[in-house]
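S.K.: Below are the C-alpha cells for one structure; questions will follow.
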Amino acid sequence: MKMEKKSVSEWVRSGDPWVWLNAGAVAISVIMVVGLLLLIAVRGLSHFWPADVVQSTYSLPGETPYTVTAERVESVDVTSAQLREAGINLPDEGDKLLQRTLLKMGNRDVYGADFGWVIDQYISDSQTPEMLFTAERHEWGNLYGYVKSVKENGQVVSETQDITPTDSALATWAAFEKSIERATEIHHEIKEIEKADIGKINYALERIRLEQRRLELNDDLTPEAEADLAAERAIYDAEYKGLQQQLAALYQQINRDTFTVQVMDGTVHEMQVSKIVHAFRPNAMGVVEKMGFYFVKVWDFLSGEPREANTEGGVFPAIFGTVMMVLLMTVLVTPFGVVAAVYLREYATQGLITRIIRIAVNNLAGVPSIVYGVFGLGFFIYFLGSGIDQAFFPEALPSPTFGTGGLMWASITLALLTVPVVIVATEEGLSRIPRNVREGSLALGATKAETLWRVVLPMASPAIMTGVILAVARAAGEVAPLMLVGVVKLAPTLPLDGNYPFIHLDQKFMHLGFHIYDVGFQSPNVEAARPLVYATALLLVMVIALLNFSAVTIRNHLREKYKSLEM
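Here it is as C-alpha cells:
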C-alpha cells in the first residue's frame, strides 16, 4: 500500500510539530534537572571522601624551593600573562597556557590560610607517604603532618623520628589513635553534662526566677512562698556545684594528653589531643577502608553539630529545624485552607464577591515571599507577640518570649504564604466530585454537613494532599521570610527537648536553606565552605523529596480508596 506524502503546511496543521516540540522541551528540562542534581551530588558528596595527601617540592623561578603537603582540590587553566599580572614572578616566555591547582594545605593556625594555589609546571618529586596523616579538629580546620610523639601529663609514652612505616612510627601512631579515642569518650561525657544535665538545671532555675518575679508583680510573694522558692533553688544550686566539680575533673582528664606533629615546613608543634575529632592516614588506606571512613563522615555530617562558623561539622540542627517547621506549617495550613475552600465552593453564594475573593486568593499566591516575612515581623512578632508577652509573660519582660522571632511565628508566616495553594487545590478537587453523589447522600437522609464530612471531603482528600504537597515544596525551600521571623545562624538548643513544655515554639531555630545562604555567602573561609554548600543543597532537595514522597504515598492511597465512588 502506497503511503501518501503530506505537504509541510498539512504537517504543520496536523499539530505533529508542536507535539515533538513539547516532547523535546520536556526532555531538555529533565536532562537539565538531572544534570543539576548530579553536579550537586558529585560536588557535595566527594567532599567526604578521604583523599590522598600529596607531599611535593614547589620551586618557582628565582625563589627558594619548599615542601608542600596538601590535598588536591581542583585545577584550572590560566595564561602566564595572567599569572604575571597577579604578581607571580615567571620568566617572560610568551603567553602560554599553564595549569594551576588549588591545594588544601590545612594547618591554618600555623600558616594563616589553609588553601593555596600552585602552578603544576613547578611541582616536582610528588609522593604519598604512608605515615602522613590528616586530622579533623574542633577548630582551625584540618591538620596535616607526621606524628612525632605522644605525651601523658607531659611524659612521653611513645616517640619516633621516622616518617616511614617503621615499627616505632606505627607504635606511635597506635598510641595517638588510642589517645584520641579516650579524649572522644570524655568529650561526649562533657557534652552530655553541659547540654543535658546543666541545661535542665538552668531551665529549672530560670523557671524559679520567673515564678518569683510573677509573684512580686502580683503582690503575692509571701515569706512562705519566698522560702519555698529559695529552698528549691538551693537544691538545684547544689546539683549544679556537683556537676561543675565533675566537669572540672573531666576537663583535667581530657587535657592530659598532648602530641607533637611535624608539619610541611619542618617545624614541630605540640598540641592537645582533645582538639582532634578524627585522625587517619589516607595514603595507607585501601578502597574498602576509605569506603568505611567515607560513610562515617557522611553520618557525622547528618547527625553532628556545626563547627568553625558552620564550615565544618554536621547539619543535624538545621535538618531538625527544617522538618519541624514544615510539619507545624502543614498542621496549620491544611485545616484553614480546606475550610476556606469548602466555604467558597459549598456554602458561599457564587456571585461577584466570591469571584473577587478567588481572584484575591490567586493573587496572594504570586506575592513575593519577603513581603510575607515583613508582614510576619510587623504583625505576628511586634503586634501579637508583644501583646502575648504583656498578657501572659510579664515576669519575663523586658526580655521577649513571643515578641521575637521563633519557630511558631515562622511556621504561621509560611502557612500564610502557602494557604492560597491549598485553597486552590482543594477547590479543584471539590469541583470534580459529581453532583449526583451529593444528591444521593442527601436523598438517603444525610444532612448537608454529614454529606460534606462523610462523602465530599473523603473524595476530595487526594486533591487536598496535592495542595499539601505543593505547599511543602514551596515552604521548605523558603529563606527570605525566615530571616525576619525566627531562623538564626546557630541555635544552641533544639526546639524539642525533655524540658516542659517539650516543644518550645518561642525558640529560634536553624534551617537548611538559611544554612546554605550563610555558608555560601557569609563564611570567612570561602574555599572550605564551598563543598558544604553543595552537600547541604543536596540534603535540602532530599528532605523536600522525602516529605513530598510521604504525602504522595498518602494521596495515592486515598485515591485508590475512593476511586470506586467517583465512577
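Counting with my numbering, you get residues 56 to 622 for the letters of the sequence shown.
The C-beta atom is built at its ideal place from N, Cα and C for all residues, glycine as well.
(1) In the DSSP assignment, what are the bridge partners of residue 326?
(2) Would you check whether the ligand SAH has a heavy atom nearer than 7 Å to the C-beta of residue 231?
(3) If we count the other Cβ atoms within 10 Å of its Cβ and call it buried at 16 or more, is residue 664 buried or exposed?
(4) Quick one: give me the first and last residue of the alpha helix (DSSP H) that residue 81 is part of.
(5) Compute the Euclidean distance between the alpha carbons of residue 134 and residue 102, then round it to the nearest angstrom.
(6) How long is the line joining the alpha carbons of residue 211 and residue 325, rounded to whole angstroms?
(7) Mapping DSSP to helix, strand and coil, what is residue 57?
(8) Name, in chain order, the residues that DSSP records as bridge partners for residue 192.
(9) What residues in its chain sit with their C-beta under 7 Å from that of residue 530, if we drop five residues either side in the sequence?
(10) Bridge partners of residue 157, per DSSP?
(11) Below 6 Å CB to CB, which residues in the same chain sit around residue 224 once its five sequence neighbours on both sides are set aside?
(12) Please state if the CB of residue 376 and the CB of residue 369 are separated by a distance shorter than 8 Å.
(13) Nearest to residue 515 by alpha carbon, out of 70, 394, 344?
(14) Using alpha carbons as the reference points, say which of 592, 589, 608, 579 lies closest to residue 170.
(15) Check whether the region 589-607 and the region 499-512 are in contact - that is, three or more C-beta pairs closer than 8 Å.
(16) Is it the case that the Cβ atoms of residue 128 and residue 338 are separated by a distance below 8 Å?
(17) Out of 483, 477, 482, 512, point me to the one whose CA is closest to residue 492's CA.
(18) Given residue 295, which residues of its chain have a CB within under 6 Å of its CB, disregarding the five upstream and five downstream residues?
(19) Kindly indicate the opening and closing residues of the alpha helix (DSSP H) around residue 178.
(20) With DSSP run on the structure shown, which of helix, strand or coil describes residue 577?
(21) By Cβ distance below 6 Å, which residues in the same chain neighbour residue 622 in space, the five residues on each side in sequence not counted?
(22) Does the region 520-538 come close enough to the region 550-561 to have 3 or more Cβ pairs within less than 8 Å?
(23) When you compare each of 392, 379, 562 to residue 436 by their alpha carbons, which one comes out closest?
(24) Using beta-carbon positions only, say whether residue 162 and residue 323 come within less than 8 Å of one another.
(25) So residue 116 packs on residue 145, CB below 8 Å; how close in whole Å?
(26) By how many angstroms is the C-alpha of residue 424 removed from the C-alpha of residue 541?
M.R.: Inspection of the coordinates gives the following:
(1) Beta-bridge partners assigned by DSSP to residue 326: 314.
(2) Ligands in the displayed structure: none, and consequently the ligand SAH is not present.
(3) For the chain, the structure presents residues 56 to 622; residue 664 sits outside this window and is missing.
(4) 71-100
(5) 28 Å
(6) C-alpha separation (whole angstroms): 12 Å.
(7) Note that residue 57 has pLDDT 49, beneath the 50 cutoff, so the model's placement of it is unreliable and the number below is only indicative. It is coil, neither helix nor strand.
(8) 331
(9) Once the five neighbours on either side are set aside, the close Cβ partners of residue 530 are 381, 384, 469, 472, 473.
(10) 129, 172
(11) 186, 215, 217
(12) no
(13) 394
(14) Looking only at 592, 589, 608, 579, the smallest Cα-Cα distance to residue 170 is reached by 579.
(15) no
(16) For the pair residue 128 and residue 338, the CB atoms are not nearer than the 8 Å cut-off.
(17) 512
(18) 256
(19) Taken as a continuous stretch (DSSP letters only), residue 178 belongs to no alpha helix (DSSP H), being part of the beta strand (DSSP E) at 178-182.
(20) coil
(21) Caution applies to residue 622, whose pLDDT of 49 falls short of 50 and renders its modelled position unreliable; the value that the coordinates give is listed next. Excluding residues within five positions, none has a Cβ falling inside 6 Å.
(22) no
(23) 562
(24) no
(25) 6 Å
(26) Whole-angstrom Cα-Cα distance: 15 Å.
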